[in-house]
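In our numbering, the protein residues as written are 222 to 402.
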């Protein structure tokens with residue numbers, strides 16, 4: 222937790238080939254990022270040509286991400302320029318085990334192929350009271366891209382301003398898909 226607020230507490234990931242912050246070990250709600258500026262991330266490497274979550278990569282975890290400025294991050298050739306919520310390889314976890322809370326954040330000037338500001342692929346995320354401004358997606362979901370394999374995210378009381386997408390949904394693209402069984 223930052224004592225001085227996001228304008229003074231800056232975590233700059235410039236120069237590192239990764240997300241600014243990664244949650245990849247099953248972190249729960251005791252893991253809290255509160256009151257920082259997260260900037261300069263280029264995404265957590267998932268494969269040779271796939272990076273996810275420039276500002277925050279959240280895999281199989283449920284942290285609380287609140288009152289932050291998530292700005293000027295990107296996911297190269299992939300998803301979630303600002304934040305990506307995803308599941309790892311291996312057995313499929315229950316949706317409730319991936320349930321981060323994102324509240325009161327400013328997502329600004331982030332970019333990705335899908336979900337310039339935020340991408341959610343699994344679980345029961347809570348996304349409330351955030352501002353998405355000036356984010357860009359090469360294809361879909363300038364502000365948010367939501368493609369659910371399983372789970373029921375809660376998206377409420379967010380503001381979307383001046384986001385853009387090359388194909389669909391400058392603000393939000395929400396697609397409900399199911400994994401083949």
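Even glycine gets a Cβ: it sits at the ideal position worked out from N, Cα and C.
Identity of the residue in the options nearest residue i by Cα
{"i": "residue 227", "options": "290, 304, 364 and 348", "result": "290"}
{"i": "residue 378", "options": "331, 397, 323 and 368", "result": "323"}
{"i": "residue 321", "options": "372, 272, 310 and 329", "result": "372"}
{"i": "residue 360", "options": "250, 245, 301 and 244", "result": "301"}
{"i": "residue 310", "options": "250, 338, 346 and 245", "result": "245"}
{"i": "residue 319", "options": "268, 344 and 252", "result": "344"}
{"i": "residue 354", "options": "272, 380 and 286", "result": "380"}
{"i": "residue 329", "options": "382, 286, 349 and 376", "result": "382"}
{"i": "residue 331", "options": "348, 397 and 276", "result": "276"}
{"i": "residue 349", "options": "268, 237 and 376", "result": "376"}
{"i": "residue 270", "options": "238, 397 and 374", "result": "238"}
Close-in-space but distant-in-sequence residues of the same chain around residue i (CB under 7 Å, 5 per side omitted)
{"i": "residue 256", "result": "222, 223, 226, 227, 230, 288 and 289"}
{"i": "residue 395", "result": "367"}
Pair within 8 Å by beta-carbon distance, residue i and residue j
{"i": "residue 247", "j": "residue 282", "result": "yes"}
{"i": "residue 326", "j": "residue 351", "result": "yes"}
{"i": "residue 261", "j": "residue 240", "result": "no"}
{"i": "residue 299", "j": "residue 279", "result": "no"}
{"i": "residue 358", "j": "residue 387", "result": "yes"}
{"i": "residue 263", "j": "residue 286", "result": "no"}
Cα-Cα separation between residue i and residue j, rounded to whole angstroms
{"i": "residue 303", "j": "residue 314", "result": "24 Å"}
{"i": "residue 242", "j": "residue 391", "result": "26 Å"}
{"i": "residue 233", "j": "residue 265", "result": "15 Å"}
{"i": "residue 365", "j": "residue 338", "result": "6 Å"}
{"i": "residue 385", "j": "residue 295", "result": "14 Å"}
{"i": "residue 356", "j": "residue 347", "result": "20 Å"}
{"i": "residue 389", "j": "residue 333", "result": "14 Å"}
{"i": "residue 393", "j": "residue 374", "result": "14 Å"}
{"i": "residue 236", "j": "residue 254", "result": "21 Å"}
{"i": "residue 258", "j": "residue 317", "result": "28 Å"}
Enclosing beta strand (DSSP E) for residue i [first to last residue]
{"i": "residue 313", "result": "Premise fails: residue 313 is in no beta strand (DSSP E) and is neither H nor E."}
{"i": "residue 266", "result": "265-268"}
{"i": "residue 348", "result": "347-349"}
{"i": "residue 307", "result": "304-307"}
{"i": "residue 243", "result": "242-244"}
{"i": "residue 395", "result": "393-397"}
Close Cβ partners of residue i (< 8 Å) along its chain, the five nearest in sequence each way excluded
{"i": "residue 308", "result": "280, 281, 314, 319, 342, 343, 344 and 370"}
Close Cβ partners of residue i (< 6 Å) along its chain, the five nearest in sequence each way excluded
{"i": "residue 284", "result": "244, 248, 252 and 321"}
{"i": "residue 397", "result": "369"}
{"i": "residue 363", "result": "337, 356, 357, 384, 385, 386 and 391"}
{"i": "residue 267", "result": "273"}
{"i": "residue 250", "result": "283 and 285"}
Residue i at chain C interface by Cβ criterion, 8 Å
{"i": "residue 227", "result": "Among the chains in the structure shown there is no chain C, since it carries only a single protein chain."}
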